[in-house]
Amino acid sequence: MEKITTIGLDIAKHVFQVHGINGAGATVSRRKLGRDDVVGFFKALPPCLIGIEACATGHHWARVLMALSDEVRLMPASYVKPYVKRQKNDATDAEAICEAVTRPTMRFVPVKSEEQQSVLMLYRVRELLIRQRTMLVNALRGQLAEFGIVTRQGIAGVGMLIALVEEVITISSRRLRGPHFFR
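Using UniProt numbering, the letters of the sequence shown map in sequence onto residues 1 to 183.
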């Protein structure tokens, strides 16, 4: 097999698509790899330039391949899309990634360390919880308004809001419990 200098790697959950070219830009390898075969495949190759879309698991695979002495570059998927020549599938995506990674004007995403990703994950989870809490408080305020109870905005009034909800539920459940309800 000719020496592969550049690889476009389209990553997915189970099957990865590899598109490799030589120094002249000619295609020398096109193949599918199972998730368990990726590291073994790249260990068998001499170090080369590998392009990966910066998507889910992109940073993980970049770190794994960099540990094998390969040069890995991540690119936003939107920057790779113009290089797709025909119908979109894993093979054409890998070819487009391979072409895009060699472009001198391409912008790359720095590979994040595990520590950076951990901090980012904690930040995103915290932001999600804050958004969900705000949605819940606003929903409760809206429901209480249907009973004619108006509360102040913001998280500061949540304690009062919970007490009011408990009171409304208690009153409503007494009304619902007639002689034929909840036997």
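Yeah, the Cβ is synthetic: ideal placement off N, Cα and C, and Gly gets one too.
Note that the structure is predicted; figures quoted are calculated from it, not measured.
DSSP state of residue i, grouped into three classes?
i	result
residue 118	helix
residue 14	coil
residue 78	helix
residue 102	coil
residue 109	strand
residue 6	strand
residue 154	coil
Straight-line CA distance for residue i to residue j?
i	j	result
residue 106	residue 74	10 Å
residue 18	residue 160	59 Å
residue 32	residue 16	6 Å
residue 155	residue 140	12 Å
residue 6	residue 13	23 Å
residue 50	residue 128	34 Å
residue 104	residue 122	35 Å
residue 163	residue 125	28 Å
Shortest alpha-carbon distance to residue i belongs to which of the options?
i	options	result
residue 77	53, 86, 63 and 83	53
residue 3	14, 45, 13 and 32	45
residue 40	24, 65 and 23	65
Taking 8 Å as the cut-off, is the beta-carbon of residue i closer than that to any non-hydrogen atom of the ligand NAD?
i	result
residue 97	With respect to small molecules bound, the structure shown includes none, and the ligand NAD cannot be examined in it.
Using 8 Å as the cut-off, can you tell me whether the stretch 91-99 makes contact with the stretch 127-147, which would need three or more C-beta pairs spanning the two stretches below that distance?
no
Counting beta carbon pairs with one atom in the stretch 108-123 and one in the stretch 53-60, are three or more of them shorter than 8 Å?
Contact between the stretch 53-60 and the stretch 108-123 is present, with at least three C-beta pairs closer than 8 Å.
Quick one: which unbroken beta strand (DSSP E) runs of 3-plus residues sit fully inside the stretch 22-99? Chain order, please.
27-34, 49-53 and 71-75
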